[in-house]
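See below for the structure under consideration.
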Amino acid sequence: METNPALVGMRNIITVSFNYLPHDLKRCMMYVSIFPEDYQISKDRLLRRWIAEGLIPEKRGLTLMETAEAYFNELVNRSMIDQAGCIVTYYNIVDLCPVHDMMLEVMVPKSIEANFVSLVGIQYEGMSYDIVRHLSIHDAKKGRNYSPTEKGTMGSGMVNVIKRMNTKHVRSLTTFHSEEDNLLLDQLGKFKLLRVLDLEDCKDLNKKHLRYICKMYLLKFLSLRGTDVSVMPPEICDLEHLQTLDVDDTLLETLPNSVIKLTKLERLMFSNRKNWTALWTLPKGISKMKALREVSRAIIRNVEVAIEIGDLQQLERIFVYLDRRSEQDSDIRREFKCSLSKTSSLRWLDVGELNDVYRNDMDYLMDLDTPPQLLRYLRFAGYISQIPDWVGSLAFLTEFTISCAELVGDQSFEVLCKAPILNSILLQVHFYIDEDLVARSAHMFRMLKNMRVINAAKTPKVFSFEEDSMTKLEILELDFRGWHKSIVGIQHMTNLKQVHLSGYGNNILTDAANELKAESDRRGRSNLFPFTVVVRYG
Numbered sequence: 001m002e003t004n005p006a007l008v009g010m011r012n013i014i015t016v017s018f019n020y021l022p023h024d025l026k027r028c029m030m031y032v033s034i035f036p037e038d039y040q041i042s043k044d045r046l047l048r049r050w051i052a053e054g055l056i057p058e059k060r061g062l063t064l065m066e067t068a069e070a071y072f073n074e075l076v077n078r079s080m081i082d083q084a085g086c087i088v089t090y091y092n093i094v095d096l097c098p099v100h101d102m103m104l105e106v107m108v109p110k111s112i113e114a115n116f117v118s119l120v121g122i123q124y125e126g127m128s129y130d131i132v133r134h135l136s137i138h139d140a141k142k143g144r145n146y147s148p149t150e151k152g153t154m155g156s157g158m159v160n161v162i163k164r165m166n167t168k169h170v171r172s173l174t175t176f177h178s179e180e181d182n183l184l185l186d187q188l189g190k191f192k193l194l195r196v197l198d199l200e201d202c203k204d205l206n207k208k209h210l211r212y213i214c215k216m217y218l219l220k221f222l223s224l225r226g227t228d229v230s231v232m233p234p235e236i237c238d239l240e241h242l243q244t245l246d247v248d249d250t251l252l253e254t255l256p257n258s259v260i261k262l263t264k265l266e267r268l269m270f271s272n273r274k275n276w277t278a279l280w281t282l283p284k285g286i287s288k289m290k291a292l293r294e295v296s297r298a299i300i301r302n303v304e305v306a307i308e309i310g311d312l313q314q315l316e317r318i319f320v321y322l323d324r325r326s327e328q329d330s331d332i333r334r335e336f337k338c339s340l341s342k343t344s345s346l347r348w349l350d351v352g353e354l355n356d357v358y359r360n361d362m363d364y365l366m367d368l369d370t371p372p373q374l375l376r377y378l379r380f381a382g383y384i385s386q387i388p389d390w391v392g393s394l395a396f397l398t399e400f401t402i403s404c405a406e407l408v409g410d411q412s413f414e415v416l417c418k419a420p421i422l423n424s425i426l427l428q429v430h431f432y433i434d435e436d437l438v439a440r441s442a443h444m445f446r447m448l449k450n451m452r453v454i455n456a457a458k459t460p461k462v463f464s465f466e467e468d469s470m471t472k473l474e475i476l477e478l479d480f481r482g483w484h485k486s487i488v489g490i491q492h493m494t495n496l497k498q499v500h501l502s503g504y505g506n507n508i509l510t511d512a513a514n515e516l517k518a519e520s521d522r523r524g525r526s527n528l529f530p531f532t533v534v535v536r537y538g
């Protein structure tokens with residue numbers, strides 16, 4: 001690299017850019033060096049880690065998450081973080097930022113020099129650290145094929161490094177190790193003063209390791225996301241300082257009721273990767289958890305809990321289902337509706353109903369007394385006859401998603417176009433039962449840049465865009481599956497940059513792709529910007 005002037009120049013630019021960062025942003029940027037090269041960090045994970053490590057200061061009028069997001073956006077604007085992609089899940093869009101080798105060339109030495117991060121892995125072999133505070137363990141075998149003997153030697157070697165290490169100052173531990181996770185996890189008992197433990201995707205976690213974890217009394221952040229943990233011990237309640245508990249994408253069926261003793265808990269993310277109906281049943285007494293800001297993949301099964309939701313005044317994000325199978329069904333809906341009108345801090349609402357997903361009735365949401373006015377993300381998962389009028393009044397709404405609603409007509413676009421900064425619409429399975437879905441000239445979406453239709457059903461058959469309806473749209477994604485569908489009015493979307501089509505390999509999908517490519521070519525010949533057409537078969 002030293003002999004390549006272009007690479008040396010790029011590294012110098014990164015170095016100068018880093019040196020001019022404010023102190024708080026420098027610390028956030030150095031923190032990225034705990035992640036391995038080419039690792040895809042989810043934006044939410046990074047922001048939550050910043051908060052847990054105390055890198056985000058309190059600012060008047062803003063939540064810590066909002067301040068963290070502002071810091072993230074500032075680093076993106078300064079080209080220090082590359083927000084290069086996203087994953088469209090069934091529930092929302094997950095922003096990703098890759099960790100580039102060039103950035104690590106600069107950040108790792110600065111982090112180590114400042115004794116900010118300590119790295120263990122084959123590429124950092126021979127390094128020693130006086131005081132270890134933020135410890136990150138990387139995959140020893142990344143980038144090469146090793147023999148079984150070499151693998152075993154490296155795995156035991158890394159464990160020996162940790163055994164020799166003075167761990168009394170370690171405040172955070174992250175592992176990106178793979179095959180020797182069990183050897184590393186056996187050392188967890190040494191880390192007495194951990195504040196942050198991130199074991200995402202660590203597959204060798206067992207009951208013994210969970211017992212170690214439940215004795216880390218100072219822990220503020222615990223991520224077991226992507227692990228194979230299937231039972232959470234009730235002793236989890238002993239972590240009285242815990243602020244974030246991430247058990248998303250695990251094998252857990254539920255959580256023990258003792259979690260209500262975690263009165264400092266702010267964020268609880270839950271899901272089972274093999275069973276989407278496995279939800280955390282919100283326990284009676286949840287109103288004691290006054291610090292709660294985020295709850296995901298939960299279910300309300302009784303009236304008392306529906307009422308208590310209204311007492312969680314700090315609540316910013318909730319992903320919750322109502323159990324239609326309960327004998328208290330109508331009472332639960334009524335009280336939950338009242339509680340929603342009290343959650344004035346809510347920014348993110350994903351609400352659905354659990355029963356026969358195609359026979360749900362969510363019309364109780366049509367007339368909320370006081371809709372949460374700060375909502376930025378909103379998803380309805382279940383039958384609702386139309387989009388509630390109050391959705392169009394949400395001044396901060398940027399993302400809207402709906403599934404299994406069986407809408408008709410163009411009332412949905414008529415309401416959504418009134419949301420002044422709506423940026424993204426995601427339409428999912430059985431969202432619409434009429435044959436033609438029309439974005440009319442009168443709708444005029446002012447800020448809409450992304451519209452995605454995934455897991456599509458037979459209808460709508462025609463997607464029609466009239467002049468002036470979606471002139472700011474940049475990305476259009478349509479899932480044809482095996483149905484006969486067509487797009488009308490693509491010429492009216494003058495700002496289009498990408499069209500993604502997916503479905504089975506048949507003439508219908510091929511013809512639609514050819515028509516789009518013809519329109520793109522026409523734009524190129526007319527000195528207009530062409531757009532990219534991407535087709536995914538299968």
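Following UniProt numbering, the numbering of the sequence shown begins with 1 at its first residue and continues without gaps.
Note that the Cβ used here is the ideal one computed from N, Cα and C, for glycine as well.
Assuming residue i and residue j form a contact by the criterion Cβ under 8 Å, report the distance between their Cβ atoms to the nearest whole angstrom.
{"i": "Phe445", "j": "Lys497", "result": "Actually they do not touch by this definition, with Cβ atoms about 16 Å apart."}
{"i": "Leu375", "j": "Leu416", "result": "Not quite, the Cβ-Cβ distance comes to about 13 Å (not below 8 Å), so this is no contact."}
{"i": "Asp479", "j": "Val462", "result": "Wrong, their Cβ atoms sit about 15 Å apart, outside the cutoff."}
{"i": "Val196", "j": "Leu224", "result": "No, Val196 and Leu224 are not in contact; Cβ-Cβ is about 13 Å, not under 8 Å."}
{"i": "Val453", "j": "Ile433", "result": "The Cβ separation is near 14 Å, so there is no contact."}
{"i": "Asp323", "j": "Ile299", "result": "6 Å"}
{"i": "Thr244", "j": "Leu222", "result": "7 Å"}
For residue i and residue j, I'd like the C-alpha separation in whole angstroms.
{"i": "Glu519", "j": "Trp483", "result": "22 Å"}
{"i": "Ala457", "j": "Arg379", "result": "19 Å"}
{"i": "Lys190", "j": "Met29", "result": "29 Å"}
{"i": "Lys168", "j": "Ser258", "result": "29 Å"}
{"i": "Pro5", "j": "Thr15", "result": "15 Å"}
{"i": "Val99", "j": "Glu37", "result": "5 Å"}
{"i": "Leu242", "j": "Arg334", "result": "32 Å"}
{"i": "Phe176", "j": "Ser118", "result": "14 Å"}
{"i": "Asp521", "j": "Tyr71", "result": "40 Å"}
{"i": "Ile475", "j": "Ala381", "result": "23 Å"}
{"i": "Glu150", "j": "Ile137", "result": "No answer about Glu150 holds up, because its pLDDT of 45 lies below 50 and its placement is not dependable."}
{"i": "Val108", "j": "Val161", "result": "19 Å"}
{"i": "Ser42", "j": "Asp95", "result": "6 Å"}
{"i": "Glu467", "j": "Ile402", "result": "25 Å"}
{"i": "Asn275", "j": "Asp249", "result": "10 Å"}
{"i": "Arg27", "j": "Leu55", "result": "7 Å"}
{"i": "Leu515", "j": "Glu414", "result": "In the sequence under discussion, the amino acid at residue 515 is Glu, which differs from the Leu named in the question. Distance between the alpha carbons of Glu515 and Glu414: 28 Å."}
{"i": "Ser296", "j": "Leu239", "result": "20 Å"}
{"i": "Leu252", "j": "Ala52", "result": "24 Å"}
{"i": "Met232", "j": "Arg523", "result": "57 Å"}
{"i": "Ala68", "j": "Pro388", "result": "32 Å"}
{"i": "Gly85", "j": "Gln40", "result": "9 Å"}
{"i": "Ala512", "j": "Glu399", "result": "27 Å"}
Assign residue i to buried or exposed, taking buried as 16 or more other Cβ atoms, counted over all protein chains shown, within 10 Å of its Cβ.
{"i": "Met7", "result": "Checking the sequence shown, residue 7 turns out to be Leu, not Met. Exposed is the call here."}
{"i": "Ala419", "result": "buried"}
{"i": "Val320", "result": "buried"}
{"i": "His134", "result": "buried"}
{"i": "Pro148", "result": "For Pro148, the predicted model reports a pLDDT of 48, less than 50, meaning its position is unreliable; a value from the coordinates is still stated below. The residue is exposed, with fewer than 16 neighbouring Cβ atoms inside 10 Å."}
{"i": "Leu23", "result": "According to the sequence displayed, residue 23 carries His and not Leu. Label assigned to His23: exposed."}
{"i": "Lys208", "result": "exposed"}
{"i": "Leu255", "result": "buried"}
{"i": "Arg536", "result": "exposed"}
{"i": "Tyr32", "result": "Sequence inspection shows Val at residue 32; the Tyr mentioned does not correspond to that position. Val32 is buried by the Cβ-count criterion."}
{"i": "Leu193", "result": "exposed"}
{"i": "Ile131", "result": "exposed"}
{"i": "His58", "result": "Note that residue 58 is Glu in the sequence shown, not His. That one is exposed."}
{"i": "Val499", "result": "buried"}
{"i": "Met65", "result": "buried"}
{"i": "Lys203", "result": "exposed"}
{"i": "Ala114", "result": "exposed"}
With a threshold of 6 Å (Cβ to nearest heavy atom), would residue i be considered close to the ligand COA?
{"i": "Ile51", "result": "No copy of the ligand COA occurs in the structure displayed, which carries no ligand at all."}
Which one or two residues does DSSP pair with residue i in a beta bridge?
{"i": "Met451", "result": "Ile425 and Leu476"}
{"i": "Gln40", "result": "Pro98"}
{"i": "Tyr537", "result": "Gly503"}
{"i": "Arg11", "result": "Per DSSP, none; premise fails for Arg11."}
{"i": "Phe116", "result": "Bridge partners of Phe116: none, in fact."}
{"i": "Lys59", "result": "Leu62"}
{"i": "Phe465", "result": "Ala439"}
{"i": "Asp246", "result": "Ser223 and Met269"}
{"i": "Arg171", "result": "DSSP, once it has assigned bridges, lists no residue as partnering Arg171."}
Return no unless some Cβ of chain D is closer than 7 Å to the Cβ of residue i.
{"i": "Cys338", "result": "Included in the structure is just one protein chain, with no chain D present."}
*Can you check the segment 270-320 for any alpha helix (DSSP H) of at least 4 residues that lies completely inside it and give the ranges in chain order?*
303-308
*For the segment 362-446, which segments carrying the beta strand (DSSP E) assignment without a break, of at least 3 residues, lie completely within its bounds, in sequence order?*
377-381, 399-403, 424-427 and 436-439
*Please list the segments of the beta strand (DSSP E) lying wholly inside the segment 495-530, counting only runs of 3 or more residues, in order along the chain.*
498-503
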